[in-house]
Amino acid sequence: MTAPIRLAIVRQKYNPHGGAERFVARALDALSSRGALDVTLLARQWQQGDSGWHNETVNPRYSGRLGRDRGFARAVQKRFRDFDLVQSHERIPGAAIFRAGDGVHAVWLEQLSRVQGLSARLIRFLSPYHSYVCQAETEMFRHPALQTVICNSKLVRDEIADRFAVSDDKLELIYNGVDTEVFHPDLVRHRTAMRDEWRVPQDAPLLAYVGSGFARKGVSTALEAIVPYPDLHLVIAGADKHAKRYQKLAETLGVAARVRFLGGVADVKPVYGAADALILPTLYDPFPNVCVEAFASGLPVFTSPMCGAAEWVVQGENGWTNDALDIDGYRSAVGVWLARRDEWPALRAAARKTAEPFTLARMAGELEALYARLLART
């Protein structure tokens, strides 16, 4: 009997609400169930129940986030030789596989500068942490051990090719998978109960925002988008240390009565079930799971071109795209959507059809085929 492939997956910390971490959990479960892989997760901290894969804690002492990242990188690099393949989800030179789930850090900094003042941009420019991340990113892409970069969108694939001259044969496009049985239009069964809990009228149009990091993912634009439409409600599921600032903005805009801030939500399925569409005007998001889940749940998606999910949007058929800071653009798109309410069933069906091919089984199969090709080269 052939021994299973010893695969290590590297991710610093699991946050149950984080999209990248949920991808790791899904991938590990799906791959381990196939039996061809012996999967070990190397992490500083991981919160997960019983699964068919192993956890190993790698958590050296550190001071500050620069010391945290650098110390973790050095510690896991020492373990690389113990595995047949190492797939890192962190910017750590020396792994055979890098999954670019967080995109390109330099691109994110460029997008962030669009909403920062001069002093904040200067502080960021002088930050030793951001300098370290950008340097580690460059070293990783140029390291001779790197065989493949898993990209979760064409957006990220093209950014890496352009900025780091990584050859096309090293760039593998594998979209995030979704459990299409769990995330399904039947989640509408939650609609009545959740709307009653949130005090949202049953017949009112409802947009859902799901995600942490409100500045990056566009909560301000989402709030601005609903201003002209007095019957439109918005529910915001996600944690942010500056949440009160956005609650104050909702009051200033006069929409507070139509907005519900839920905080971090462990189970987002009822949110999808209660909503009529998803809005995520993100500054930069390589391919958020929330968009895959929303499509699978039958929700049209409003997002930005700097979101990988924009690659799945057919304008006016299953969603709309506008620049993250284009408030008028989002208001216009939302207005078109509201005016086409009699077409919502078709929009929901199109959204569902968009996600149906991208199952967890497909993602696991693509990953396993990739590992087999890489091992065949050795």
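In the working numbering, the protein residues as written are 82 to 459. C-beta: ideal position from N, C-alpha, C; glycine also. All figures in this text were calculated on a predicted structure; none of them were measured in a lab.
Whole-angstrom C-beta distance between residue j and residue i, which should lie under 8 Å
i, j, result
"R339", "I360", "Actually they are not in contact, since the Cβ atoms of R339 and I360 sit about 13 Å apart, beyond 8 Å."
"F153", "V139", "6 Å"
"R180", "I231", "4 Å"
"L456", "D165", "6 Å"
"D404", "S385", "6 Å"
"Q192", "Y365", "4 Å"
"A420", "N399", "No, A420 and N399 are not in contact; Cβ-Cβ is about 17 Å, not under 8 Å."
"V300", "I317", "6 Å"
Range of the contiguous alpha helix (DSSP H) that encloses residue i
i, result
"A306", "300-306"
"C215", "209-223"
"T333", "324-334"
"H186", "186-193"
Buried or exposed by the 16-neighbour rule on C-beta atoms within 10 Å, applied to residue i
i, result
"D321", "buried"
"K329", "exposed"
"D150", "buried"
"S144", "exposed"
"H135", "exposed"
"A391", "buried"
Nonlocal neighbours in the same chain, by C-beta distance under 7 Å from residue i, ignoring five residues either side
i, result
"L190", "R205, H211"
"A436", "V259, T261, V373, F376, A377"
"R87", "D119, F164, D165"
Residue i vs residue j beta-carbon contact at 8 Å
i, j, result
"G292", "G319", "yes"
"Y353", "E332", "no"
"A177", "Q228", "yes"
"L380", "A358", "yes"
"P309", "R412", "yes"
"G389", "N233", "yes"
"E137", "L147", "no"
heavy atom of the ligand GTP below 7 Å from residue i C-beta
i, result
"G184", "Although the ligand GTP was asked about, the structure shown includes no ligands whatsoever."
N- and C-terminal bounds of the beta strand (DSSP E) containing residue i
i, result
"E253", "252-254"
"K263", "What sits at residue 263 in the sequence shown is Val, not Lys. First-last for V263: undefined, no H or E at that position."
"C372", "Note, C372: premise wrong, no beta strand (DSSP E); alpha helix (DSSP H) at 370-377."
"H135", "135-138"
"F179", "178-180"
"L448", "Careful: L448 lies outside any beta strand (DSSP E), inside the alpha helix (DSSP H) at 441-458."
Beta-carbon contacts of residue i that lie in its chain and below 6 Å, excluding the five residues immediately before and after
i, result
"V237", "A181, G184, P367"
"M275", "P351, A355"
"A217", "R172"
"D348", "none"
Beta-carbon contacts of residue i that lie in its chain and below 8 Å, excluding the five residues immediately before and after
i, result
"K251", "L227, Q228, T229, V230"
"T440", "G258, V259, D260, T261"
"H323", "F295, A296"
"E240", "G184, V185, V188"
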